[in-house]
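Undergrad: Encoded as structure tokens, here's the structure I'll be asking about.
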Amino acid sequence: MTEVPENFLGLPAEASRYETSRVVVLPVPFERTTSYGKGTALGPAAILAASRQVELWEEMLRSEPWRMGIATLPPFEPAAQDAEAALAELEAEARRHLEAGKFLVTLGGEHSLTIGPVRAARAVHGEIGQSDIGVVQFDAHADLRPEYDGTPWSHASVMRRLHEDGIPALAVGIRALCDEEAALIADKGLPTIWGWELPARERFLAEIERLPEKVYLTFDVDFFDPSLMPATGTPVPGGGAWYPTLDCLRELFARKTVVAMDVVELAPLAGAHGADFLAASLVHKCLAYLQAAGG
108 MTEVPENFLG LPAEASRYET SRVVVLPVPF ERTTSYGKGT ALGPAAILAA
158 SRQVELWEEM LRSEPWRMGI ATLPPFEPAA QDAEAALAEL EAEARRHLEA
208 GKFLVTLGGE HSLTIGPVRA ARAVHGEIGQ SDIGVVQFDA HADLRPEYDG
258 TPWSHASVMR RLHEDGIPAL AVGIRALCDE EAALIADKGL PTIWGWELPA
308 RERFLAEIER LPEKVYLTFD VDFFDPSLMP ATGTPVPGGG AWYPTLDCLR
358 ELFARKTVVA MDVVELAPLA GAHGADFLAA SLVHKCLAYL QAAGG
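First residue of the sequence shown: 108, per the working numbering; consecutive thereafter.
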């Protein structure tokens with residue numbers, strides 16, 4: 108029996124060489140601040156393992172995203188113990204691949220890691236005279252706390268740091284937040300599609316038109332309803348469904364230039380392979396949409 112390569116989708120060497128691949132998958136088993144259920148450090152390996160069971164043919168677009176070339180890098184684990192320094196290491200790593208012209212898919216790991224590749228994408232893809240790109244955040248949680256458990260680099264503070272960086276964002280699926288986060292959303296008019304408004308397709312299309320042309324997609328898997336995604340640290344009832352979510356993602360890639368993305372907060376559960384497969388399939392679908400948009 109032929110051994111399947113341990114890369115994303117189990118691709119052969121000719122389809123997964125870094126030099127010729129449009130897409131680079133960077134596993135980042137980073138977990139420093141999880142506050143309830145833990146295990147996100149195991150997420151990247153679980154997604155990669157599940158991806159090798161994903162069919163290469165994408166049935167909705169009748170396409171084969173693997174033909175863009177998809178290189179999978181070794182897991183990246185920052186050496187620094189200080190969270191801010193660790194995220195700076197990740198930013199430098201992400202920037203290296205973005206400067207090489209790659210579409211970067213970061214697999215987490217906890218959501219705090221998003222700061223690194225977003226800042227790298229802003230540095231590489233920001234327009235002249237414009238220091239930011241936009242961010243589209245699919246998530247159950249607002250992640251706008253000034254700090255959490257004594258650190259400003261918490262997974263619960265990631266979008267607050269990006270807000271302070273001046274990066275415009277659209278949050279989709281929010282249904283768990285504190286009063287301080289709610290006040291910030293109201294006071295600053297931060298675009299937010301609440302969980303009870305899902306699927307909210309028309310609202311989503313209107314909101315993304317207000318973002319810059321280039322966007323970064325961050326997808327916390329707890330966006331999905333726990334009936335679909337139980338394998339995450341803090342599953343929140345009332346989340347997104349599969350096909351309406353894919354519809355929004357397809358429109359995002361068609362209407363905007365998505366320059367990089369991440370999928371975070373998968374905490375694998377023994378025997379619950381469906382959650383791992385969902386996360387791997389989500390990445391595969393997004394790559395199909397990237398290919399359809401011209402890559």
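The beta carbon of each residue, even a glycine, is placed where N, CA and C say it ideally should be.
Can you grab the Cα-Cα spacing for the pair Met108 / Val365, in whole Å?
TA: In this prediction, Met108 scores a pLDDT of 45, lower than 50, which makes its location untrustworthy; no coordinate-derived value is stated.
Undergrad: For the alpha helix (DSSP H) that contains Asp137, what are its first and last residues?
TA: According to the sequence displayed, residue 137 carries Phe and not Asp. Careful: Phe137 lies outside any alpha helix (DSSP H) and carries neither H nor E.
Undergrad: For the beta strand (DSSP E) holding Leu211, just list the boundary residues, first then last.
TA: 210-215
Undergrad: Report the rounded CA-to-CA distance for Ser264 versus Ser158, giving the unit in angstroms.
TA: 30 Å
Undergrad: Under 6 Å Cβ to Cβ from His232, same chain only, skipping five residues before and after it: list those, please.
TA: Ile240, Lys321, Val366
Undergrad: Go to Tyr396, then tell me how far its alpha helix (DSSP H) extends in each direction, as first and last residue.
TA: 380-399
Undergrad: My output table needs one value for His271: the three-state DSSP class, helix, strand or coil.
TA: Reading off the sequence shown, one finds Glu at residue 271, where the question assumed His. DSSP places Glu271 in helix when its eight states are reduced to three.
Undergrad: So, is Ser334 buried or exposed, given that buried needs 16 or more other C-beta atoms within 10 angstroms?
TA: exposed
Undergrad: If the criterion is Cβ atoms closer than 8 Å, does the pair Ala338 and Leu376 meet it?
TA: yes
Undergrad: If you draw a straight line from the alpha carbon of Tyr350 to that of Gly215, how long is it in whole angstroms?
TA: 23 Å
Undergrad: Taking Cβ to Cβ, would you say Gly345 is nearer than 8 Å to Gly302?
TA: yes
Undergrad: On the three-state DSSP scale, how would you describe Ser170?
TA: strand
Undergrad: For a quick check, are the C-beta atoms of Val279 and Phe331 less than 8 Å apart?
TA: Their beta carbons are not under 8 Å apart, which means Val279 does not touch Phe331 by this criterion.
Undergrad: When you compare only the Cα positions, how much space is there between Glu58 and Ile292?
TA: For residue 58 there is no data in the structure shown, the boundaries of the chain being 108 and 402.
Undergrad: Indicate the three-state DSSP secondary structure (helix, strand or coil) for Met108 in the structure shown.
TA: Low per-residue confidence applies at Met108: pLDDT is 45, beneath 50, and the placement is therefore not dependable enough to give any value.
Undergrad: Helix, strand or coil for Glu165? Go by DSSP, reduced to three states.
TA: strand
Undergrad: Can you have a look at Asp327 and say buried or exposed, based on whether 16 or more other CB atoms are within 10 angstroms of its CB?
TA: buried
Undergrad: Considering only C-alpha positions, which residue in the set Ala249, Leu180, Glu288, Gln160 is nearest to Leu58?
TA: Residue 58 lies beyond the stretch modelled for the chain, which goes from 108 to 402, so this question has no answer here.
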